[in-house]
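Chains as they are written, first to last, in my numbering: chain F, 250 to 469; chain Z, 250 to 469. Heads up, the thing below is written out as structure tokens.
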DNA sequence: GATAGTTTCATACAACTGTTTGAATAGCAA
DNA sequence: TTGCTATTCAAACAGTTGTATGAAACTATC
């Protein structure tokens, strides 16, 4: 009812500021100044600062999750209930990587906000992230169907490593660029996706073709 | 000079509190209460809160880096200037994983502090992390010597993925345990190290020499 | 034991935070 | 119009934060 103009102006301004400067040093006063609204408007429309952040993060992450599941479902349907592991992994890490990497100037505010959220985790966001497990379980299920011979433990480790590579690459993209003196092209998103998927696939299928995985031959 | 008692009491208390409750909600007053010293002592001994955090983080991370380089140097000397890639990777991720994983009750305060530092990155720590590139370059060099046929790009990606798996596993160890319903045993640190090293090795050697005997094992 | 330098302490400060309040305004139904 | 509700606004509130101050207590040297 009425005009959500103020409401959405706050959301937009907050997302922009958080994306640019991080959660740590953006105050409500910064946000309302950027949005050209009154200070009390945030509490009026969202209840509290934390709820504003939560709403921002929830709406963005359900969008990503929906995209992931869409790709996963399409792949499994095409394969009659069983999708190739590469395609599953691509559905898992592709949407996030595509959203968060790529040429900076064409990177959306939403993407930059999500990068921030992954770098400096703040209480309201942490609470939400904890509920993401159910979502990941769906991928674990698909992976199990795709690789029925693998143990659950290996599946979970593969899932963990796939997410690790994707998220770390996003978080530390700047450092990787600097470290490699630009040789690693983080703007070529599809190449990054292919690399992550490829390594994760190896992690999940190693020891199947050749001898048993060398996972246990160390130490002790 | 004189008694550093106060100084080290502050350091110990701060590390403990940050490890337990995070940087976000530990104030100077909490720290001095835990250390049983006066509020002004922090500014007297360290200059500011940020400098206290920085000192804590620097001393811990140079300890880790020293351990890493020690293992790396030993490996390269044993191999006459060229170490097997598995051993290099083990030197890279082993110290961190060993420090940050393992049974919680025997996990050191230092380790738990470093986990915090990797989860919620705070300005003074971020500044220091940026200077870590030189350290990583040494590992990139060793990896290049070990795998002279690989391109620089592949080396850097392999390095990036190895760090990704190690750090993400530390950061999200709780979530992985929950997701896998305890099936992934994060307390078996050497197994985790072996898994990370194994996958990173595959990432770095895939498509090159198929008959790669994982010959030498790591010493420790 | 007086002196000079260091360290502690209680206290105050100044700035900033998210939130609340209550009056003013706008929008709209009757 | 008259009411009624929804929204905006300026101002204040209450709390917390890191830091500064200046006197007191210590410590070691002569």
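Just so it is clear, CB atoms sit at the ideal spot from N, CA and C, and this is done for glycine as well. Remember, predicted model here, so these are calculated numbers, not experimental data.
| Check | Outcome |
| --- | --- |
| Could you run through the region 291-315 of chain F and flag, in chain order, every residue whose CB is less than 9 Å away from some CB of chain Z? | none |
| By the 10 Å Cβ neighbour count, where 16 or more other Cβ atoms means buried, how is residue 276 of chain Z classified, buried or exposed? | exposed |
| So, is residue 409 of chain F buried or exposed, given that buried needs 16 or more other C-beta atoms within 10 angstroms? | buried |
| Comparing C-alpha positions only, which one of F:265, F:376 and F:397 sits nearest to residue 307 of chain F? | F:376 |
| Using only alpha-carbon positions, find the residue among Z:394, Z:344, Z:302 and Z:326 that is nearest to residue 365 of chain Z. | Z:302 |
| Does DSSP put residue 257 of chain Z in a helix, a strand or coil? | helix |
| Suppose the cutoff is 7 Å on Cβ atoms and the five residues either side in sequence are ignored; what does the same chain contact list for residue 361 of chain F look like? | 268 |
| Determine the contact status of residue 368 of chain Z and residue 367 of chain F, defining contact as a CB-CB distance below 8 Å. | no |
| Any idea which residues DSSP pairs residue 369 of chain F with across the strands? | Z:369 |
| Just to confirm my understanding: we take residue 259 of chain F, look at its own chain, exclude 5 residues before and 5 after, and list those with CB closer than 8 Å. What are they? | 280, 281, 284, 286, 290, 291, 294, 295 and 301 |
| Do you know offhand how far residue 432 of chain F's Cα is from residue 406 of chain Z's? | 10 Å |
| I believe residue 413 of chain Z touches residue 337 of chain Z by the beta-carbon criterion, under 8 Å. Please report the beta-carbon distance rounded to the nearest angstrom. | Residue 413 of chain Z to residue 337 of chain Z, Cβ: 16 Å. No contact. |
| At a Cβ cut of 8 Å, what residues of the region 418-441 of chain F count as close to chain Z, listed as they run along the chain? | 418, 421, 424, 425, 427, 428, 429, 432 and 433 |
| Can you say whether residue 254 of chain F is buried or exposed, counting buried as having 16 or more other CB atoms within 10 angstroms of its CB? | exposed |
| Relative to the C-alpha of residue 355 of chain Z, which candidate in Z:453, Z:311, Z:438 and Z:451 has its C-alpha closest? | Z:438 |
| Please report whether the beta-carbon of residue 469 of chain F lies at a distance below 8 Å from any beta-carbon of chain Z. | Bear in mind that a pLDDT of 33 at residue 469 of chain F, under 50, signals an unreliable position, so the model cannot answer this. |
| Whole angstroms is fine: what's the gap from residue 434 of chain Z's alpha carbon to residue 359 of chain Z's? | 22 Å |
| Using a Cβ cut-off of 8 Å, which residues of the region 387-406 of chain Z contact any Cβ in chain F, in chain order? | 389, 401, 402, 405 and 406 |
| For a contact defined as C-beta to C-beta under 9 Å, what are the partners of residue 409 of chain Z on chain F? | 414, 417, 418, 421, 424, 425, 428, 429 and 433 |
| I believe residue 455 of chain F touches residue 451 of chain Z by the beta-carbon criterion, under 8 Å. Please report the beta-carbon distance rounded to the nearest angstrom. | 6 Å |
| Reducing DSSP to helix, strand and coil, say where residue 310 of chain Z ends up. | helix |
| By the DSSP assignment, the alpha helix (DSSP H) with residue 383 of chain Z in it spans what residues? | 382-395 |
| Could you check what DSSP says for residue 430 of chain Z in three-state terms: helix, strand or coil? | coil |
| Would you mind telling me which residues of chain Z sit closer than 8 Å to residue 451 of chain F, beta carbon to beta carbon, in chain order? | 448, 451, 452 and 455 |
| So, does the CB of residue 277 of chain Z fall closer than 8 Å to a CB anywhere in chain F? | no |
| Classify residue 276 of chain Z as helix, strand or coil using the three-state DSSP reduction. | coil |
| Let me check you understand the geometry: is the CB of residue 429 of chain F closer than 7 Å to at least one non-hydrogen atom of the ligand FAD? | Judged by which ligands are present, the structure shown has none, so any question about the ligand FAD falls away. |
| Kindly say whether residue 370 of chain Z, judged by its beta-carbon, lies nearer than 8 Å to any beta-carbon of chain F. | yes |
| Does the region 418-426 of chain Z come into contact with the region 305-324 of chain Z, if we say contact requires no fewer than three beta-carbon pairs (one atom in each stretch) closer than 8 Å? | no |
| I need the DSSP call for residue 453 of chain F, collapsed to helix, strand or coil. | helix |
| Distance check for residue 363 of chain Z and residue 385 of chain Z, CA to CA, integer angstroms please. | 18 Å |
| Can you have a look at residue 339 of chain Z and say buried or exposed, based on whether 16 or more other CB atoms are within 10 angstroms of its CB? | buried |
| Figure out for me which residue from F:318, F:428, F:389 and F:297 has the closest Cα to the Cα of residue 378 of chain Z. | F:428 |
| For residue 421 of chain Z, name the three-state secondary structure that DSSP assigns. | coil |
| For residue 325 of chain F, count the other beta carbons within 10 Å of its own beta carbon; 16 or more makes it buried, fewer makes it exposed. Which is it? | buried |
| Counting C-beta neighbours from all protein chains within 10 Å, is the total for residue 257 of chain Z 16 or more, i.e. buried, or is it exposed? | exposed |
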